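*Asks:* My questions all concern the structure below.
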Amino acid sequence: MRITRTICWTVTVLSMMCIHAGCGGLHRNQPSNDAGEGRLGATATFTIRWPRTRLIPPGTNRIVIYVTHQQARTVFAYVKDRAPSAAEERISVPIPYGQGITFSADAVQIDTEKYTKVQRLPLDHPDLRAGTKLGSGHDGMPHDVSYNSTVTATIEIQEAGMPDAGTTRVDLRVNQIVSDYFPLVLVLDLIRDQNGNPITNLNKLNFEVLEDGVPALITDVRVISQTATSLSICLVLDRSGSMSGQPNADLEQAASTFVNLMQPGDYGAVINFSSFWSIDLSQDFTQDKSALLAAINGRQASGSTALYSAVWLGLDITSQRQGGKAIIAMTDGGDNDSDKSLQQVIDRATLTGIPIFTVGLGGSGFYEYPLQHMADETGGLYFFAPSSSQLEAIYRSISLQLQNAVQISFISPDPQPRGRERTVTVRFRYGQFSGEVQHRYTY
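In this note's numbering, each residue carries its 1-based index in the sequence shown increased by 373.
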């Protein structure tokens, strides 16, 4: 994908002598026990460099920096205005310590200079929305920041992503909404071109998010493989009698490939199924790839097909996970031995916010509608394999889709938990392509 303008920001995170301003906090060698609450224990020093060519419109430009400690449900926002003649500038801000700290930043054009010194603003402050965004970017990967540690990162500020000349269609599907870190809410989007390839050169300028019709503050946009969000994927594998022989061997190879492609920090689980009484949670969620591979390989194929009951079990264990979640269900025939219906499965997946990716193997196609419908209604994708030799390519494709889902992080405009259903609207513009999708979550 094409990037039209780049501004490099070099970020260095230095240790803080104290947790609170004025050194009224804990001793510098004695970190607090509640780092999960977003305590400040380090300092980020940003060296800001603008390009030599005057690509940025003239006028005062505001720098907005977001520091996110996702596990602590904490986002810090800092602003500073700069004169257009300044070639380089340093900004130092306090940041939290802990695992998975991320940085993102915006460059904004405003009419008048207001913040001559860096200032932290509450996330509902109107000045975080003021002006016209010139560009946006993030640091690349999350950092594990120790108390009194030093971390270095680089942010590239870019214009809105633009499509290649060969792009003829853009499909956006909300895969799921993660509210585990509320009021920080994560929207995971599957954004694909006409060939089903993930589109990843997107940033805040490509999106607008509303919750119940109220504009939300977007703090970060990046692909999920660059986030602090772990994925929990449950593989539901058909071992019915019609899978015996080469199909079963090919399925084991495909599922093993998927496990080997899992990123550090991701979790997997394996359910093997055939008849209703043969549904087996062979491996609960774990990061141990050897255990997952052992649960996949060397299994016999026999019996009937209790697909819906097996997926139901997958929903049961996956709903207990935090972060990004998905089920990948594979079958070579229609369900004929479940105690659950297709609609019951869809209803529960919708209620728990878990997308179901489905894979149909061979057959006359009479069972394709349930698999397609299950995926469409839950935020997943459906894949058809005419022969078992294509299963490995499909599982590779699903892995690519999950790792390249675009995560939009926003602050809920209604940050008080109320136990009610909320409607999130995601609007996107990608060159000549634009659209709007909606998804619901309850908090």
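Even for Gly, the Cβ is constructed at its ideal location relative to N, Cα and C. From a predicted model like this one, the values you see are computed outputs, not experimental measurements.
Note the first and the last residue of the continuous alpha helix (DSSP H) segment covering D639.
*Replies:* Position 266 of the sequence shown holds residue 639. Per DSSP, D639 belongs to no alpha helix (DSSP H) and is neither H nor E.
*Asks:* Starting from A450, follow its DSSP beta bridges and name the residues at the other end.
*Replies:* Position 77 of the sequence shown holds residue 450. BP columns for A450 point to Y439, L494.
*Asks:* Tell me the DSSP secondary structure of A415 in three-state form.
*Replies:* Taking the first residue of the sequence shown as 1, we reach residue 415 at position 42. A415 falls in the strand class under three-state DSSP.
*Asks:* Thinking C-alpha only, which one of S807, S760, T725 is nearest E794?
*Replies:* As a first step, residue 794 is located in the sequence shown; it is residue number 421 there, counting from the start. Among S807, S760, T725, the Cα nearest to that of E794 is on T725.
*Asks:* For G638, tell me which candidate among L575, A667, L604 has the shortest Cα-Cα distance.
*Replies:* Counting from 1 along the sequence shown, the entry for residue 638 is found at position 265. Nearest of L575, A667, L604 to G638, Cα basis: L604.
*Asks:* Based on Cα-Cα distance, which residue from V466, G618, P536, S465 lies nearest to F801?
*Replies:* Position 428 of the sequence shown, counting from 1, holds the residue named residue 801. Among V466, G618, P536, S465, the Cα nearest to that of F801 belongs to P536.
*Asks:* Quick one: Cα of V437 to Cα of S465, how far?
*Replies:* Position 64 of the sequence shown, counted from the start, is the residue given in the question as residue 437. Position 92 of the sequence shown, counted from the start, is the residue given in the question as residue 465. Straight-line Cα distance between these residues: approximately 13 Å.
*Asks:* Within 8 Å, do at least three Cβ pairs link the segment 556 to 574 to the segment 664 to 674?
*Replies:* With the cut-off at 8 Å, the segment 664 to 674 and the segment 556 to 574 do not touch.
*Asks:* Give the single residue among P728, D497, S598, Q763 whose Cα lies nearest to the Cα of L624.
*Replies:* For this step, residue 624 is matched to residue 251 along the sequence shown. The shortest C-alpha separation from L624 is found at Q763.
*Asks:* If I'm right that L634 touches S772 with Cβ under 8 Å, what's the distance once you round it to whole angstroms?
*Replies:* What you label residue 634 is simply residue 261 of the sequence shown in a count that begins at 1. What you label residue 772 is simply residue 399 of the sequence shown in a count that begins at 1. Going by Cβ atoms, the distance from L634 to S772 rounds to 4 Å, so yes, they are a contact pair.
*Asks:* Of all the options F476, S651, S629, which has the alpha carbon lying nearest to the alpha carbon of T592?
*Replies:* If you number the sequence shown from 1, residue 592 lands on position 219. Here the closest residue by C-alpha is F476.
*Asks:* Checking 9 Å against the spacing of the C-beta atoms, do G687 and A622 come in under that value?
*Replies:* As a working mapping, residue 687 is identified with position 314 in the sequence shown. As a working mapping, residue 622 is identified with position 249 in the sequence shown. No.
*Asks:* Alpha carbons only, please: which of M703, L715, Y742 is nearest the one belonging to E765?
*Replies:* Working through the sequence shown from its first residue, we reach residue 765 at position 392. Residue M703 is the option with its Cα nearest to E765.
*Asks:* Ignore the nearest five residues each way along the sequence and tell me which others in N548's own chain have a CB closer than 7 Å to its CB.
*Replies:* Mapped onto the sequence shown, residue 548 falls at position 175. Answer for N548: L561, D562, L563, P728, G752, A778, listed in chain order.
*Asks:* Since Q774 is in the alpha helix (DSSP H), which residue starts that stretch and which ends it?
*Replies:* Against the sequence shown, residue 774 aligns to sequence position 401. 764 to 776 is the extent of the alpha helix (DSSP H) around Q774.
*Asks:* Does the structure place the segment 697 to 714 close enough to the segment 672 to 688 that three or more beta carbon pairs sit under 8 Å?
*Replies:* Verdict: yes, contact present.
*Asks:* Between the Cα of L545 and the Cα atoms of F806, T602, T418, which residue gives the shortest distance?
*Replies:* Within the sequence shown, numbered from 1, the residue matching residue 545 stands at position 172. That would be F806, whose Cα lies nearest to the Cα of L545.
*Asks:* Nearest to D585 by alpha carbon, out of P786, P790, V810?
*Replies:* Along the sequence shown, read from residue 1 onward, the residue named residue 585 stands at position 212. Measuring from the Cα of D585, the nearest candidate turns out to be P786.
*Asks:* Might you give, ordered along the chain, the residues of its own chain that have their beta carbon closer than 8 Å to the beta carbon of I597, omitting 5 neighbours on each side?
*Replies:* Locating residue 597 in the sequence shown gives position 224, counting from the first residue. Within the same chain, I597 has close Cβ partners L561, L604, G697, L775, Q776, N777, A778, V779, Q780.
*Asks:* Touching or not, the segment 643 to 656 and the segment 741 to 755, by the rule of three or more beta carbon pairs under 8 Å?
*Replies:* The segment 643 to 656, when compared against the segment 741 to 755, does not touch it at the 8 Å Cβ threshold.
*Asks:* Apply the 10 Å Cβ neighbour rule to V524 and answer buried if 16 or more other Cβ atoms are within range, or exposed otherwise.
*Replies:* For this step, residue 524 is matched to residue 151 along the sequence shown. Its Cβ being crowded by 16 or more others within 10 Å, V524 is buried.
*Asks:* Assuming the contact rule is C-beta atoms closer than 8 Å, A674 and Y768 should be a hit. Round their C-beta distance to whole Å, please.
*Replies:* As a working note, residue 674 is residue 301 in the sequence shown. As a working note, residue 768 is residue 395 in the sequence shown. Not quite, the Cβ-Cβ distance comes to about 18 Å (not below 8 Å), so this is no contact.
*Asks:* In this structure, does DSSP put K577 in helix, strand or coil?
*Replies:* Walking along the sequence shown from the start, residue 577 turns up at place 204. Looking at K577 - three-state DSSP - the assignment turns out to be helix.
*Asks:* Specify the secondary structure class of Q811 as computed by DSSP and reduced to three states.
*Replies:* Residue 811 sits at position 438 when you count from the first residue of the sequence shown. Strand, per DSSP.
*Asks:* Pull up the distance between the alpha-carbon of G706 and that of M616, whole angstroms please.
*Replies:* Residue mapping note: residue 706 aligns to position 333 of the sequence shown, counting from 1. Residue mapping note: residue 616 aligns to position 243 of the sequence shown, counting from 1. Going by the C-alpha atoms only, they are around 9 Å apart.
*Asks:* Below 9 Å between beta carbons: does that hold for L578 and T441?
*Replies:* Along the sequence shown, one-based indexing puts residue 578 at 205. Along the sequence shown, one-based indexing puts residue 441 at 68. For L578 and T441, no; Cβs fall outside 9 Å.
*Asks:* Tell me the DSSP secondary structure of N521 in three-state form.
*Replies:* The residue labelled residue 521 in the question sits at position 148 within the sequence shown. Residue state, collapsed to three classes: coil.
*Asks:* Would you kindly work out how many angstroms separate the C-alpha atoms of A526 and N434, rounded to a whole number?
*Replies:* Residue 526 sits at position 153 when you count from the first residue of the sequence shown. Residue 434 sits at position 61 when you count from the first residue of the sequence shown. So the alpha carbons of these two residues sit roughly 22 Å apart.
*Asks:* Which same chain residues end up closer than 7 Å to P759 when comparing Cβ atoms and leaving out the 5 residues on each side of it in sequence?
*Replies:* On the sequence shown, position 386 is the one that residue 759 refers to. Here the set comprises G735.
*Asks:* Near Q472, what residues of its chain come up, given a Cβ to Cβ distance below 6 Å and the 5 sequence neighbours on each side ignored?
*Replies:* Taking the sequence shown and counting its residues from 1, one reaches residue 472 at position 99. Correct list, in chain order: D517.
*Asks:* Could you tell me which residues DSSP pairs with F476 in its beta bridges?
*Replies:* Start at 1 with the first residue of the sequence shown, and residue 476 comes out as number 103. In the DSSP output, where bridge partners are listed per residue, F476 has V440.
*Asks:* Please classify A445 as buried or exposed, where buried requires at least 16 neighbouring CB atoms within 10 angstroms.
*Replies:* Locating residue 445 in the sequence shown gives position 72, where the first residue counts as 1. Per the 10 Å Cβ criterion, buried.
*Asks:* Throw me the rounded Cβ distance for the D512 and V543 pair, which I believe falls under 8 Å.
*Replies:* What you label residue 512 is simply residue 139 of the sequence shown in a count that begins at 1. What you label residue 543 is simply residue 170 of the sequence shown in a count that begins at 1. Actually they do not touch by this definition, with Cβ atoms about 26 Å apart.
*Asks:* DSSP three-state label for T751, please.
*Replies:* Sequence index remark: in the sequence shown, residue 751 carries index 378 (1-based). The answer is helix: DSSP assigns T751 an H, G or I state.
*Asks:* Could you spell out where the beta strand (DSSP E) holding E794 opens and where it closes?
*Replies:* Counting from 1 along the sequence shown, the entry for residue 794 is found at position 421. Run containing E794: 794 to 803, per the beta strand (DSSP E) assignment.
*Asks:* Quick check on DSSP: helix, strand or coil for D544?
*Replies:* Within the sequence shown, numbered from 1, the residue matching residue 544 stands at position 171. Correct three-state label for D544: strand.
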